[in-house]
Amino acid sequence: MGNTQQSVNAEQVSEFLRQHTDFLIEQPDLLSELEFDKSPEGTISLAQRQRQQLRQKNQHLHDQLHALIDNAHSNAALQQRVHQLCLRLMDCHDLQGLLATLMQQLKEEFSADEVSLRLFYSGEQKPKLPPVEGNIAELHADDSQLKAFDHILAKQQPVCGRLTKAQKQLLFGEKADVVHSVACLPLGHTPCAGLLAIASSDANRFHADMGTEYLSFLGEVFMRLMRRFCHGQNDS
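Numbering (this note's numbering), first residue to last: 4 to 239.
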């Protein structure tokens, strides 16, 4: 009669225990015979390894929770600042005041190291903006330099994070090298009427987890007021 016994290796035992996680609970006698805390010198016992993995999982969950809380606080603060800025913009009486308030408040209230506003125009005649202190310029809508922003303009949604060298050069010129994170807002809808960029020298200041819906609202309020004042100038 042949030998019907089959050898069982460690992998098969491991797979069995994975499929029957309550096996040791149902076998208390076997459980009491297992040596969890004893291990050869210089190695980690099963119980120690389990406790170590549990601590690592707990720490990971703890870090995730704190990141979520910090992000929620950051977004709440951003919402409040955007709300206050929109109120100040709506109090402006002309285009010059609108542009000046936008540039000044973004630097002061949003702790921006640099602010850039690029307004697009079509046709041959370049509109004349009122004199305002700050990094404001007009670009023709067909300017080849805007190809660097094709994906941002196509999405028509704010983008937070890092920009390419070409993008930073167009927005910040000689100060591009000190810009390490940016919140970039396409202004208006199809066709896009401009770009507003809020920049920081801190690479972590603007990031992908930020609440961009508040920035979208800011852009919409600004452009609505911008069109109102521009139409008023054209009618006068």
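Each residue gets a CB set at the ideal place from its N, CA and C atoms; glycine is no exception.
Item, Value
"By the DSSP assignment, the alpha helix (DSSP H) with Val16 in it spans what residues?", "Ala13 to Gln22"
"Look at Glu141 and Leu166 and say whether their C-beta atoms are less than 8 Å apart.", "no"
"Give the C-beta separation of Gln160 and Ser204 to the nearest angstrom, bearing in mind that I take them to be a contact with Cβ-Cβ under 8 Å.", "Not a contact, Cβ separation roughly 24 Å."
"Three-state secondary structure (DSSP) at Val185?", "strand"
"Residues in the same chain with beta-carbon distance under 7 Å from Glu111, minus the five sequence neighbours each way, listed in chain order, please.", "none"
"What are the complete alpha helix (DSSP H) segments, minimum 4 residues, inside the region 136-183?", "153-158 and 168-175"
"List the DSSP bridge partners of Glu117.", "Ala202"
"Three-state secondary structure (DSSP) at Gly222?", "helix"
"Apart from the five residues just before and just after Val224, which ones in its own chain have a Cβ nearer than 8 Å to its Cβ?", "Cys89, Leu92 and Met93"
"Could you give the first and the last residue of the continuous alpha helix (DSSP H) run that contains Met213?", "Run containing Met213: none; DSSP gives neither H nor E here."
"Output the distance between the C-alpha atoms of Met229 and Gly222, rounded to the nearest integer angstrom.", "10 Å"
"Sorted by chain position, which residues of the same chain lie with C-beta nearer than 8 Å to Lys158's C-beta, five sequence neighbours on each side aside?", "Pro189"
"If you draw a straight line from the C-alpha of His183 to the C-alpha of Val85, how long is it?", "22 Å"
"Is Met229 helix, strand or coil when you go by DSSP?", "helix"
"Tell me which residues share the same chain as His210 and place their Cβ nearer than 8 Å to its Cβ, disregarding the 5 neighbours each side in the sequence.", "Cys163, Gly164 and Ser184"
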